[in-house]
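Each residue of the sequence shown is one higher than the last, beginning at 33 in the working numbering.
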Amino acid sequence: MRLTLHTDYALRVMIFLTEHPDRLCSISEIARAYGISQNHLMKVAHALVKAEFVASVRGRNGGLRLARPAQQISVGAVVRQMEDGFDLVDCSVCVVTQGCGLRGLLGEATGAFLAVLDNCTLADLDHGPGLFDFVFPGQQTRAQRLQPGDSSHRGVS
């Protein structure tokens, strides 16, 4: 199974917004972080807003943020919304479709793939400390703020 570039970029946007839940993020900032086209990312962001995964705030100080908590957004839901279809092979033009077992097998494999993604939320993804340190040095990410056993962010010396 191969996801489209559109879906890849959508997942990147969602991961970026998950890592920065306390502020609005601009499309140009996200594009710069991943080194991808701002114009293409605008189309992706529009689709994510339309699907109600992302909220958009217009204006000079506007930007994007998750429309709901990361724990409530499954990776599978994002992938299902962004992809046009999941047929691995176009069986409609094959002369042996009626008696072929491959179509069912491929459908089952696709279902298993999507089930794994459905069972993972954005919050479940292991972003690991320092995911965006190379892009935004000195700025704490969500993973760093939530790191267990780290007393530095709780005011303990």
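Just so it is clear, CB atoms sit at the ideal spot from N, CA and C, and this is done for glycine as well.
Contact between V110 and F85 is confirmed by a C-beta separation of about 6 angstroms, below the 8 angstroms threshold. Put simply, of R135, R44, G95 the residue whose alpha carbon is nearest the alpha carbon of S124 is R135.
Ranked by Cα distance from S60, the options P53, L35, N93 are led by N93. L120 has its alpha-carbon roughly 35 angstroms from the corresponding atom of P53. The alpha helix (DSSP H) runs of length 4 or more contained entirely in the region 85–120 are, from start to end of the chain, 107–114. Counting the other CB atoms within 10 Å of its CB gives G91 a total below 16, which places it among the exposed residues. Boundaries of the alpha helix (DSSP H) around N71: 70–82.
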